[in-house]
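Numbering (my numbering), first residue to last: 1 to 498.
For reference, the structure discussed in these notes is given below.
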Ligand code: IMP
């Protein structure tokens with residue numbers, strides 16, 4: 001006989017509804033903060049906190065560099081997928097870290113470098129203006145794409161074509177971005193190098209970034225004002241992969257596994273703690289209290305929870321393993337709180353798989369999740385790495401599981417892994433730019449929190465009151481007994497949410 005049988009069924013997010021609490025003047029939507037810890041950090045470093053409780057899944061069809069850049073600008077994070085070569089993944093991380101925003105520490109060129117050599121770096125990084133410095137990092141001038149023509153000047157040296165310091169507008173020792181922006185705006189120039197008293201280059205700021213900064217008040221960046229980058233790894237080639245990712249200056253590593261309660265994952269976490277102690281590791285996925293303890297005691301700083309619930313997932317059907325995400329969150333959150341009381345360490349938990357739309361997000365947060373990971377939601381956006389296709393006059397994007405035949409091919413070749421599929425391939429309806437979609441999603445989350453009378457996610461955990469609802473009640477909560485025009489009827493029929 002089995003060691004343990006639970007006769008109480010596990011619950012999904014869609015079976016719960018929130019009861020309203022009293023709304024106060026302090027809990028109106030504009031006063032609600034969605035900041036939440038990304039990963040445990042002993043010094044509570046700002047870059048290890050998200051400004052919105054959403055991250056995109058580590059999947060080929062979801063999280064590439066473009067998603068990483070846009071989501072970090074908007075206050076979340078994309079977990080860059082690891083089912084690609086080490087080199088390709090490191091390049092994505094580098095692209096996020098070298099993306100310009102605010103004060104930037106750009107790559108520097110040397111005066112004796114050939115234009116052809118510099119041009120190659122321009123192509124690799126996508127940047128067109130570089131500072132030129134000497135061997136002591138003293139700023140000598142600028143070289144930009146207007147200063148040379150590769151068909152004419154490839155054999156010239158940088159110093160033959162650059163603009164020297166006396167003709168460049170520079171500023172000294174400005175640490176305040178607003179002040180630096182106003183100097184740049186007055187200067188008639190497109191870029192402003194900021195030097196220290198010895199003439200060494202500190203940062204540059206770019207005119208085209210100014211609007212970007214104003215548009216992105218929730219942006220998450222590191223101490224050098226570079227966007228946050230999170231990358232996933234597997235338990236096979238992790239030693240080599242982490243070396244390349246840290247070289248690309250990744251901020252946080254997440255282990256990508258459908259079953260994280262394994263000795264392999266424990267060994268990986270311990271190895272990272274020993275060799276790269278400065279990099280926090282997110283472990284998972286687990287669905288039990290024991291799984292949480294096991295990974296946290298190995299050194300994980302956040303834990304992804306969920307198994308079998310993803311929109312493209314057939315794990316439950318294939319292997320009979322899994323658990324309703326609501327029950328998983330309730331169980332693991334209880335253990336997280338217990339661990340916090342015992343140790344003073346708050347380890348965030350991430351609800352992952354089957355979080356389809358805003359109401360699922362709010363229920364997951366209310367039940368105790370610190371943030372949610374979503375695949376399908378983000379796969380629909382312009383910034384996901386796939387191309388749009390038109391099917392029956394509808395614009396769609398492909399979306400496939402990491403355990404699907406399409407992604408499995410990649411893993412099979414390298415690790416001889418996955419002898420059967422655990423995911424499928426399908427299409428999701430194109431939704432447009434992430435920025436526009438997020439605005440509405442965040443507004444709905446805040447509205448729900450306002451109804452519950454809470455000001456932040458921590459309070460949501462402490463004060464939320466939820467209730468199981470019947471199947472009939474769920475039916476009643478949808479549009480009923482009226483005639484509606486076609487599109488929403490179709491959506492209801494297929495149970496698709498936004
Ligand atoms: P979604 O947000 O419901 O689309 O679920 C996304 C999540 O499903 C991911 O973050 C993974 O945890 C999980 N997942 C990704 N690929 C597969 C797969 O092929 N099989 C099962 N689960 C998957």
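Just so it is clear, CB atoms sit at the ideal spot from N, CA and C, and this is done for glycine as well.
Can you give me the Cβ contacts of residue i inside the same chain, cut-off strictly under 7 Å, excluding the 5 residues immediately before and after it?
i	result
residue 159	111, 112
residue 272	242, 253, 279, 281
residue 181	205, 210
residue 234	82, 256
residue 276	242, 246
May I ask which residues mark the beginning and end of the alpha helix (DSSP H) holding residue i?
i	result
residue 124	115-125
residue 295	289-298
residue 500	A query on residue 500 cannot be resolved here, the shown segment of the chain reaching from 1 to 498 and no further.
residue 67	65-73
residue 54	Premise fails: residue 54 lies in the beta strand (DSSP E), 54-56, not in any alpha helix (DSSP H).
residue 472	471-477
residue 242	238-247
residue 150	150-153
residue 96	86-97
Please list, in chain order, all residues of the same chain as residue i whose beta carbon is under 6 Å from its beta carbon, the five residues on each side excluded.
i	result
residue 11	324, 326, 327
residue 58	79, 81, 232, 256
residue 219	73
residue 385	64
residue 9	none
residue 363	13, 16
residue 340	346
residue 330	367
residue 249	97
residue 492	In this prediction, residue 492 scores a pLDDT of 49, lower than 50, which makes its location untrustworthy; no coordinate-derived value is stated.
Starting from the C-beta of residue i, find all residues in its chain whose C-beta is less than 8 Å away, skip the five residues before and the five after it, and write them out in chain order.
i	result
residue 473	17
residue 389	395, 396, 397, 398, 427
residue 453	20, 21, 22, 23, 24, 27, 463
residue 266	294, 295, 298
residue 196	172, 173, 202
residue 156	114, 115, 148
residue 420	318
residue 334	289, 368
Going by DSSP, what residues sit across from residue i in a beta bridge?
i	result
residue 313	423
residue 144	129
residue 307	323
residue 49	37
residue 109	132
residue 139	133
residue 104	204
residue 302	282
In the DSSP assignment, find the unbroken beta strand (DSSP E) run with residue i in it and report its ends.
i	result
residue 373	371-374
residue 129	129-133
residue 19	16-19
residue 77	77-80
residue 285	281-286
residue 253	252-255
Under the criterion of a Cβ to heavy atom distance below 6 Å, does residue i qualify as lining the ligand GDP?
i	result
residue 426	Summarising the ligand content, the structure contains the ligand IMP and does not contain the ligand GDP.
Contiguous alpha helix (DSSP H) assignments of at least 4 residues, all confined to the segment 158-233: Whole alpha helix (DSSP H) segments, 4+ residues: 158-161, 177-186, 207-215.
Counting pairs of beta carbons, one from the segment 193-207 and one from the segment 129-138, are three or more of them closer than 8 Å? The segment 193-207 is in contact with the segment 129-138.
Quick one: complete alpha helix (DSSP H) runs, 4+ long, within the segment 419-469? 434-451, 457-463, all fully within the segment 419-469.
Three-pair Cβ contact test at 8 Å for the segment 186-196 versus the segment 163-171: With the cut-off at 8 Å, the segment 186-196 and the segment 163-171 touch.
Pair every Cβ in the segment 227-236 with every Cβ in the segment 69-79, then say whether three or more of these pairs are closer than 8 Å. Cβ pair count under 8 Å is three or more, so yes.
Would the segment 469-485 and the segment 401-408 be scored as touching if the rule is three or more Cβ pairs under 8 Å? Between the segment 469-485 and the segment 401-408, the count of C-beta pairs closer than 8 Å stays below three; the two stretches do not touch.
Enumerated in chain order, which unbroken segments of the alpha helix (DSSP H) with a length of 4 residues or greater are wholly contained in the segment 342-412? For the segment 342-412, whole alpha helix (DSSP H) runs of length 4 or above, ordered along the chain, are 358-367, 376-379.
Segment contact, 8 Å Cβ cut-off, at least three pairs: the segment 353-364 with the segment 37-47: Between the segment 353-364 and the segment 37-47 there are fewer than three C-beta pairs closer than 8 Å, too few to call the two in contact.
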